[in-house]
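Scroll down for the structure; my scribbles are underneath it.
There are 2 protein chains.
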Amino acid sequence: MPWQPARFCCHPVYDGAVTESTNSGAAAAPAKRGRGDKSAATIYDIAKVAGVNPSTVSRALSKPGRVSAKTQKLIEDAAAELNYQVNPFARALPTGRTSTFGLIVADITNPTFFDIIRGAETTATVRDYTLVLAESAESAVTELTAARRMMATVDGLILASPRMDDDDIRTLARDKPVVVINREVDGVPCVVPEVRKGIGEAVRSLAANGHRKIAFVAGPPKSWMSARRWEGVRAACDWSRLEAVRVESSKPTVDGGRQVARDVLATDATAVLTYNDLLAIGLMQELQAGGMVVPDDISIVGFDDIFGADFTTPPLTTVRSPLGECGSGAASLLLDLLHGNGDPVGTLRVETELVLRGSSGRLAPKG
Amino acid sequence: MPWQPARFCCHPVYDGAVTESTNSGAAAAPAKRGRGDKSAATIYDIAKVAGVNPSTVSRALSKPGRVSAKTQKLIEDAAAELNYQVNPFARALPTGRTSTFGLIVADITNPTFFDIIRGAETTATVRDYTLVLAESAESAVTELTAARRMMATVDGLILASPRMDDDDIRTLARDKPVVVINREVDGVPCVVPEVRKGIGEAVRSLAANGHRKIAFVAGPPKSWMSARRWEGVRAACDWSRLEAVRVESSKPTVDGGRQVARDVLATDATAVLTYNDLLAIGLMQELQAGGMVVPDDISIVGFDDIFGADFTTPPLTTVRSPLGECGSGAASLLLDLLHGNGDPVGTLRVETELVLRGSSGRLAPKG
DNA sequence: CAAGTTTTGGCAACCGGTTGACAAAACTGG
DNA sequence: CCAGTTTTGTCAACCGGTTGCCAAAACTTG
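Line order of the protein sequences matches chains A and B.
207 is the number that my numbering gives to position 226 of the first sequence; each next residue is one higher, with no gaps.
7 is the number that my numbering gives to position 26 of the second sequence; each next residue is one higher, with no gaps.
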């Protein structure tokens, strides 16, 4: 066996005893064939019932208008009667179409992706597609492996915040349609939040509250998004004649936020913008633990508006990226690509906006 | 077209202009066939290279020990050289096996499921299976539809906090292996957190801090889990000679928690246990907004220890359900079932435990 | 070394739809 | 009413593995 059996860390109790139910065969012997116990209806069964040739059934069911209205009706009735469902594998084998697409996220733990997953899943379901999910564990290699594996079974792929090279992405995109979220790759359709507006609002808000020096806590060094956000902060600060300094973080998590607190204080900036909300939350926790009051002593602004950003005290001011939209937008883009209009390799830009909550504001007068 | 095109709510800008890249054919014309542009290698290609019969290749690749060591080697080398990958559809068609299983959750928005998804996904990947995700939007009908649809394409199914009838679940389980999380269904393997220990710890902790009357904010009326938790609270309170009162909530969300605040106050309990963390967080926000201090004026204990439960001020005391374990446990159970040992229809119980944080404690002396 | 036993490999049918090529039928217009 | 055109239906090959059955090869044993 190539895999290690999964282990529990908390001593779960497995009571081998069968529950007191009669257990009358249910769930005991899974059916051998692909479909249910009663071998499911095929187009041949329909053909027999409707008195036509199987291929006629196939055409009636897949390409509308190819058969006469009355035959169509006949076949549809027969299909309904037998409650027929196409066998996706039989269909996929000759056509290569699977009505399925993949979504690879860097880290399922990271709430940033929750909304993306949700948006993509919703759109997939609405358009009669199935979403297959995989995680890359923040590793470029794992990501590429997962992507390759998926390519065999899906019609297209969405990469959310991919870690692999541009070239790898383009190579994948040569095989099947690929859409990238949170990064721009030449020649590949992308969905990216446009940071300018949101950051502009954030910086203006801070400037209006008298802040003069702003620290930006950066994300992973190779993150495309982190670079864009830092650019955005710098540009907005230039515009508002504020000073901007950059601080590096070890990892874009709550823990990373706690760790970076010293460095942030060392800059003596009075306001901080972070690469993402997790960093902001960790940073705020650490600063508060050290006795600072937010926003009286320091203002904190996060990025993304993830689930839980408003659980903190004070609730986190943040630049919202419409993550759900990114997910559904990417899915729409991909499905459009799959349904013919394959050309428009463009970038879908979604707007960001400032969500003003309690963690930013005017400095309390020194006393 | 049966579907409505997905719409954006925030006026995203689609710049039809092709990015300044040369766009040299990349991603423009997706390959027609199922695999990559170069038609992928098949067992027939391998057979030709290795100089054996295709069926020998099939056997060498799928059932170890069925061919001689040297032939095996020959074939493996040829496969590696052509970098062959099985076509999952071709394999699924005759066998019905897909190396895929489904996971249906009630609500992708609900962070309770994040860890479950993650656990299941991780285990799936480790054991070379693919996870397919679907959401039921809290509707029993949608859930059943999704389940039926999935049954055609997966080897087994995991239902997390299902909303459908026991009988529907058993019917599904007759077709393919099904594992249920967060609910017990006779004759179907289940994974449930055992609430007694965690609730016991919570109630004893509250009792030790001088609380005499505890309110339980219930979840959805038909939730199996909510009933178990209420039972657990009542039993633990009896044991510790505390009074337990039950309060109904409208929905198990942050908002529902806010709404239930009045009713909780009306009970004049000094401590509250809620059906889940979202309710606890909403309740705490509302009480704090009304000027109450947690835990000085009232203690709050949540359930599940979801992501973000420690973002609040004070951080939330909660009874942790090992959700990740539930997900991976269910996946393991399912895969074991799929790999032969099909019999043990039992219940996997995972332990809960109290996570003591700041939202519970001793009442401040009245002043 | 021959007879008996076990491996190993090859053939061919099969899974269930799809699709190009073609024949039959229906319809058009002169 | 017939030639020409369009619609509708049929046939058969194909997608790429899997597997039961049997023959050939390799190995054991008396």
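Yeah, the Cβ is synthetic: ideal placement off N, Cα and C, and Gly gets one too.
- Under the three-state reduction of DSSP output, V275(A) falls in the coil class, being neither helix nor strand.
- Excluding residues up to 5 positions away in sequence, R144 lie with their Cβ nearer than 8 Å to the Cβ of S120(B) in the same chain.
- The beta carbon of Q53(A) sits no closer than 8 Å to any beta carbon of chain B.
- Proximity of G321(B) to chain A, defined by a Cβ-Cβ separation below 8 Å, is not satisfied.
- Sequence-ordered contacts of the region 162 to 195 of chain B with chain A read E165, D167, G168, V169, P170, E175 [C-beta pairs closer than 8 Å].
- Within chain B, no C-beta atom comes less than 8 Å from the C-beta of L268(A); the nearest is roughly 13 Å away.
- Pairing T298(A) with R239(A) gives a Cβ-Cβ distance that is not under 8 Å.
- Residues A22, I27 of the same chain have their beta carbon placed closer than 7 Å to that of Y65(A), with the five preceding and five following residues left out of the count.
- Relative to L112(B), the option among E332(B), R72(B), S313(B), G321(B) whose CA is nearest is S313(B).
- Along the region 256 to 325 of chain B, the alpha helix (DSSP H) occurs as fully enclosed runs of 4 or more residues at 258 to 270, 304 to 319, listed in sequence order.
- Separation of G271(A) and S280(B) (C-alpha to C-alpha, rounded to the nearest whole angstrom) is 25 Å.
- The three-state reading of DSSP puts L344(B) in coil, since its state is none of H, G, I, E or B.
- Beta-bridge annotation (DSSP): T111(B) is paired with T81(B).
- The Cβ atoms of T333(B) and S302(B) sit closer than 8 Å to each other.
- Beta-carbon to beta-carbon, R330(A) and E175(A) are separated by about 4 Å, close enough to satisfy the 8 Å threshold.
- Under DSSP, the beta-bridge partners assigned to P174(B) are V331(B).
- At a cut-off of 8 Å between C-beta atoms, E102(B) counts as an interface residue with respect to chain A.
- By a beta-carbon distance limit of 8 Å, R40(A) does not contact V30(A). Their separation comes to about 17 Å.
- At a cut-off of 8 Å between C-beta atoms, F288(A) counts as an interface residue with respect to chain B.
- Under DSSP, A141(A) takes part in a beta bridge, and its partners are V86(A), I162(A).
- The way I'd put it, the region 242 to 262 of chain A does touch the region 273 to 290 of chain A; three or more beta-carbon pairs between them come closer than 8 Å.
- Taking 8 Å as the threshold, the shortest C-beta distance from I89(A) to chain B falls below it.
- Distances from the alpha-carbon of N91(A) to those of G289(A), T294(A), L318(A) put G289(A) closest.
- Residue state for A133(B) is assigned as coil, using DSSP reduced to three classes.
- Residue-level contact by beta carbon fails for A141(B) and chain A, as no gap is shorter than 8 Å.
- For F82(B), the closest Cβ of chain A is not nearer than 8 Å.
- When the five nearest sequence neighbours on each side are left out, the beta carbons in the same chain lying within less than 8 Å of the beta carbon of R78(A) are those of R72, D136, in order along the chain.
- Under the DSSP definition of a beta bridge, V228(A) partners with V198(A).
- Interface flag for F292(A) against chain B is set, since a Cβ pair is found closer than 8 Å.
- In this structure M131(B) touches G83(B) by the C-beta definition: roughly 4 Å separates them, less than 8 Å.
- Counting along the chain, E62(B) sits inside the alpha helix (DSSP H) bounded by residues 50 to 62.
- Under the 10 Å beta carbon count, T81(A) is surrounded by 16 or more other beta carbons and is classified as buried.
- In this structure A105(B) is buried. Its beta-carbon is surrounded by 16 or more other beta-carbon atoms within 10 angstroms.
- Taking the Cβ atoms as the reference, G310(B) lies roughly 5 Å from V172(B), within the contact range of under 8 Å.
- Straight-line spacing of the CA atoms in R215(B) and I98(B) works out to 31 Å.
- Non-local beta-carbon contacts of S36(A) in its own chain, meaning distances under 6 Å to residues more than five positions away in sequence, are absent.
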